[in-house]
Amino acid sequence: MTAEHGGSLTVVGIGPGRLDWCLPDVAARIASATDLVGYRRYLDLVGVETTARRHPSNNRVEADRAAFALDRAAEGGQVVVVSSGDPGVFAMASAVVEQLDRWPDRWRNVRLEVLPGVTAAQALASRVGAPLGHDFCVISLSDVLKPWDVIERRLDAAAGADFVIALYNPTSRHRPWQLGRAVEVLAVHREPTTPVVVGRDIGRDGEEVRVLRLEELAEAGADMRTVILVGSSTTRVLEGRPLGASVYTPRWYGLPEGQRPTAVSNHATA
Ligand code: SAH
218 MTAEHGGSLT VVGIGPGRLD WCLPDVAARI ASATDLVGYR RYLDLVGVET
268 TARRHPSNNR VEADRAAFAL DRAAEGGQVV VVSSGDPGVF AMASAVVEQL
318 DRWPDRWRNV RLEVLPGVTA AQALASRVGA PLGHDFCVIS LSDVLKPWDV
368 IERRLDAAAG ADFVIALYNP TSRHRPWQLG RAVEVLAVHR EPTTPVVVGR
418 DIGRDGEEVR VLRLEELAEA GADMRTVILV GSSTTRVLEG RPLGASVYTP
468 RWYGLPEGQR PTAVSNHATA
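Following our numbering, the numbering of the sequence shown begins with 218 at its first residue and continues without gaps.
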């Protein structure tokens, strides 16, 4: 049954997995929700106190989960759909909007809002310094929802254009060869010594961060809790520095020392 005045659906990202990396707005929305939809593990991870009903779900049925959440909201609930990291990065926000696109007349009474979170690539970058300091892109290696040849073309184009590349969903039990093949494609454009940052369970118990070279990546032992940053041609490792200040990508590009700007103009300041 759809009520005339429906409730709300908020799609939130809890960040990588600790309360102090979850935006206050997101924590407040979880605390006051009537229904929480998403992985129980994420809710337990972030540890927000809530009396909401939980509807844990399998990670592979995103469309059903989105429709279920919209139905609960149409009945008047204050429903929160929980993603890890940012909900717009390989996560539930587009699954929800896709349902609205598919059924234009359903759920008209639901107020939809998306609240951002810290995505895995940003969280890992912060652990080593500033590897995302210049142009970068984000590619998922999962070929569950897109064909592998599209992934290879994107890797090739991004590496050819000298982006720093963040790799999500690098490998899993069902996808054992994809990371090795991705490294082969990247290696056409990048030196074997290119810095690579491998992060597992960032912001969670048991966090691991390693700085490697591209030639070591295929055997690095990544899994679905791992995110990877592959440097561009200008990404540098500072030897002998603490891990937290060890990798950066300079903001200049293609300018030899002496010709780099000393003052940063307004439009380029962060
Ligand atoms: N919405 C999430 C990404 C979901 S895709 C975000 O914005 O971060 C799932 C992939 O994200 C994982 O396979 C892994 O590559 C990466 N990931 C998410 N959280 C992570 C964490 N805490 N540590 C390392 N990798 C993580």
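We put the beta carbon where it would ideally sit given N, CA and C, even for glycine.
No experiment lies behind these values; they were computed from the predicted model shown.
- With the rule of 3 Cβ pairs closer than 8 Å, the segment 318 to 326 counts as touching the segment 280 to 291.
- For tyrosine 259, the Cβ stays outside the 7 Å cut-off from all heavy atoms of ligand 1.
- When DSSP states are grouped into helix, strand and coil, proline 241 belongs to the helix group.
- Close CB contacts of isoleucine 356 within its chain, under the 8 Å cut and outside five residues either way in sequence, are with Ile368, Arg371, Leu372, Ala375, Ile382, Ala383, Leu384 and Tyr385 (chain order).
- Across the structure, glutamate 432 and valine 361 are spaced so that their CA atoms are roughly 26 Å apart.
- The beta carbon of glycine 377 sits closer than 6 Å to those of His406, all from its chain and outside the five residues before and after it, given in chain order.
- By the beta-carbon neighbour count (other beta carbons within 10 angstroms, threshold 16), threonine 268 is exposed.
- The C-beta distance from valine 428 to serine 463 rounds to 6 Å, short enough to fall under 8 Å.
- Shortest Cα-Cα distance from glycine 423 to any of Pro364, Asp242 and Arg442 involves Arg442.
- Relative to ligand 1, phenylalanine 380 has its C-beta separated by 7 Å or more from all heavy atoms.
- Spatial neighbours of proline 333 in its own chain (CB-CB distance under 8 Å, excluding positions within 5 residues in sequence) are listed in chain order as Gly230, Leu240, Asp303, Pro304 and Gly305.
- For tyrosine 385, the enclosing beta strand (DSSP E) has its first and last residue at 381 to 385.
- By the Cβ criterion, the segment 289 to 304 is in contact with the segment 255 to 266, since at least three pairs of Cβ atoms, one from each stretch, lie closer than 8 Å.
- Relative to ligand 1, even the nearest heavy atom lies 7 Å or more away from the CB of aspartate 422.
- The residue among Ile419, Ala312 and Arg468 with its C-alpha nearest the C-alpha of aspartate 352 is Arg468.
- Within 7 Å of the C-beta of phenylalanine 353 there is not a single heavy atom belonging to ligand 1.
- Not a single heavy atom of ligand 1 lies less than 7 Å from the C-beta of phenylalanine 285.
- Remark: the C-beta of proline 233 is in contact range of ligand 1, defined as less than 7 Å to any heavy atom.
- Across the structure, arginine 398 and valine 447 are spaced so that their CA atoms are roughly 14 Å apart.
- Per DSSP, glutamine 295 is one residue of the beta strand (DSSP E) stretching across 295 to 300.
- Cβ contact annotation for alanine 248 (same chain, cutoff 7 Å, sequence separation greater than five): Val265, Glu266 and Thr267, in chain order.
- For aspartate 252, the uninterrupted beta strand (DSSP E) run begins and ends at 252 to 255, by DSSP.
- In the structure shown, phenylalanine 353 falls within a strand segment according to DSSP collapsed to helix, strand and coil.
- Distance from alanine 439 to leucine 396 at the Cβ level is roughly 6 Å; contact confirmed, criterion being Cβ atoms closer than 8 Å.
- The Cβ atoms of arginine 235 and arginine 430 lie no closer than 8 Å to each other.
- For serine 249, no alpha helix (DSSP H) run applies, since DSSP gives it neither H nor E.
- At least one heavy atom of ligand 1 lies closer than 7 Å to the C-beta of arginine 417.
- The DSSP-derived three-state label of isoleucine 368 is helix.
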